[in-house]
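A.B. asks:
Numbering (this note's numbering), first residue to last: 189 to 415.
1) Is DSSP giving residue 319 helix, strand or coil here?
2) What number of angstroms, rounded off, separates the C-alpha of residue 328 from the C-alpha of residue 300?
3) Alpha carbon to alpha carbon, how far is residue 416 from residue 240?
4) Distance, Cα to Cα, residue 352 vs residue 410?
5) Tell me which same chain residues have a C-beta within less than 7 Å of the C-beta of residue 335, skipping the five on either side of it?
6) What do you get for residue 399, buried or exposed, if any count of 16 or more other CB atoms within 10 angstroms of its CB means buried?
7) Tell me the DSSP secondary structure of residue 233 in three-state form.
8) Which same chain residues end up closer than 6 Å to residue 330 when comparing Cβ atoms and leaving out the 5 residues on each side of it in sequence?
9) To the nearest angstrom, how far is the alpha carbon of residue 248 from that of residue 293?
10) Assign residue 343 to one of three DSSP states: helix, strand, or coil.
11) Pull up the distance between the alpha-carbon of residue 215 and that of residue 276, whole angstroms please.
12) Over the uninterrupted beta strand (DSSP E) stretch that includes residue 294, give me the two end residues.
13) Can you tell me the Cβ-Cβ gap for residue 313 and residue 229, rounded? I've got them flagged as a contact below 8 Å.
14) By Cβ distance below 7 Å, which residues in the same chain neighbour residue 280 in space, the five residues on each side in sequence not counted?
15) How about residue 298 and residue 362: do their beta carbons lie closer than 8 Å?
16) Relative to the alpha-carbon of residue 303, which residue among 367, 394, 252 and 237 has its alpha-carbon at the smallest distance?
17) Expressed to the nearest angstrom, what Euclidean distance is found between the alpha-carbon atoms of residue 266 and residue 244?
18) What's the C-alpha gap between residue 382 and residue 401?
Take a look at the structure:
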């Protein structure tokens with residue numbers, strides 16, 4: 189095994205299960221490159237929408253945008269969880285969140301505006317939509333998730349790649365970040381009680397989001413009357 193394969197094998201720590209992947213190192217790297225290109229395509233589309241909507245409304249729809257490419261060890265764990273052999277074809281066919289984007293918006297209605305605009309673009313395919321804002325998870329988690337297929341244009345082909353996009357308000361992202369840190373602490377005492385408190389915090393944050401949005405409407409209406 190060459191040095192490069194040995195490093196990847198050490199990272200994944202599952203040499204027997206990634207033999208097929210090791211034999212096809214270049215296709216795996218190429219697949220990751222294609223996902224990175226897909227991230228750039230979707231990120232650019234969202235930034236263009238942000239610029240246009242800011243010009244129209246004088247308020248930018250999102251505060252920040254973050255991207256990530258799933259790490260090899262995370263890919264392996266997910267493939268093992270699904271009891272699938274680790275091959276490049278299986279990775280591309282079965283994992284839909286290798287390429288990820290998180291969009292942090294100012295208000296809930298900004299999320300729906302962006303989702304509506306990007307979903308209508310004729311080169312975008314919406315594969316899946318999960319609205320955890322309208323229908324929060326039992327623990328209080330709120331976010332809107334899209335799985336998109338976007339075309340990337342390579343030297344010899346046009347290829348559609350899947351990208352997961354998560355939309356949250358600042359408040360939703362604040363709660364989710366803290367909940368994630370608490371969730372993965374070991375040996376938590378009174379875990380049921382803490383879960384209830386986290387759910388209560390999520391509900392309070394949702395009310396704040398709704399109130400802030402209402403204040404924005406009131407300010408906008410007052411300005412429209414004055415003009």
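Even glycine gets a Cβ: it sits at the ideal position worked out from N, Cα and C.
C.D. replies: In short:
1) In the structure shown, residue 319 sits in a strand (DSSP, three-state: E or B).
2) Cα to Cα, the separation comes out at about 19 Å.
3) Outside the modelled stretch of the chain, which goes from 189 to 415, sits residue 416, for which no answer is possible.
4) About 38 Å.
5) Sequence-distant Cβ neighbours of residue 335 in its own chain, meaning closer than 7 Å and more than five residues away, are 284, 315, 316, 350 and 352.
6) Residue 399 is exposed by the Cβ-count criterion.
7) Three-state DSSP puts residue 233 in a helix.
8) Hits under 6 Å: 320, 321, 324 and 360.
9) Each residue's Cα considered, the two are about 9 Å apart.
10) In the three-state DSSP reduction, residue 343 falls in the coil class, being neither helix nor strand.
11) Roughly 7 Å between the two C-alpha positions.
12) Counting along the chain, residue 294 falls outside any beta strand (DSSP E), and DSSP gives it neither H nor E.
13) No, residue 313 and residue 229 are not in contact; Cβ-Cβ is about 13 Å, not under 8 Å.
14) Cβ neighbours of residue 280 beyond the five flanking positions: 219.
15) Between residue 298 and residue 362, the C-beta gap is not smaller than 8 Å, which leaves the two residues out of contact.
16) Taking only the C-alpha atoms, the option nearest residue 303 is 237.
17) Residue 266 and residue 244 have their C-alpha atoms spaced approximately 42 Å apart.
18) In a straight line, the C-alpha of residue 382 is about 29 Å away from that of residue 401.
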